[in-house]
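Numbering (the numbering used here), first residue to last: 116 to 290.
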């Protein structure tokens, strides 16, 4: 296998790892089936007042990058070496996972604060607003429905679905 193919697989592994982590944290920790009360309290506050800022502070984003580069990438490098892969593949997977987390934060922010301008953004925004509107029992994946499909929590949302204006800082009725 070429280095380019190995690098592509490492990036996919990092993206997939974050995607799964996003789902697990959101479903089982932030919705309090497994998580500490403080995580679920903060998240339930977000459900009550989704347009209160900040969704993620610059400090928490910086901390994620520092932890990602200082912990996740070295751990990934160690795991890669342990299974006989080049060390850099694990480090690259860690960087890809952190980058995907930052994409998640941006997508989540846009769901509440910006009208959707692309087909993906409209579809994603409808799914996320439906998650808020329907008591947070479906559509836990903010950036992807993959794990909702796997764990049977995916709920299709019609293109013409309407949501209360309180869920966004703009009217979601026209988007």
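Don't be surprised by glycine CBs; every beta carbon is placed ideally from N, CA and C.
Here the structure is a predicted model, which is why all the values come from computation and not from measurement.
Buried/exposed call for residue i, threshold 16 Cβ in 10 Å
i, result
"residue 216", "buried"
"residue 297", "No statement about residue 297 is possible, as the shown extent of the chain runs from 116 to 290 and does not include it."
"residue 186", "exposed"
For residue i, three-class secondary structure by DSSP
i, result
"residue 188", "helix"
"residue 134", "helix"
"residue 285", "coil"
"residue 229", "coil"
"residue 123", "helix"
"residue 164", "coil"
"residue 257", "coil"
Nearest candidate by alpha-carbon position, reference residue i, set the options
i, options, result
"residue 246", "260, 235, 233", "260"
"residue 69", "156, 200, 281, 237", "No statement about residue 69 is possible, as the shown extent of the chain runs from 116 to 290 and does not include it."
"residue 179", "210, 226, 162", "210"
"residue 229", "266, 251, 283", "283"
"residue 224", "142, 204, 165", "165"
"residue 234", "274, 159, 120, 122", "274"
Distance between residue j and residue i (C-alpha atoms, nearest Å)
i, j, result
"residue 277", "residue 241", "9 Å"
"residue 162", "residue 183", "27 Å"
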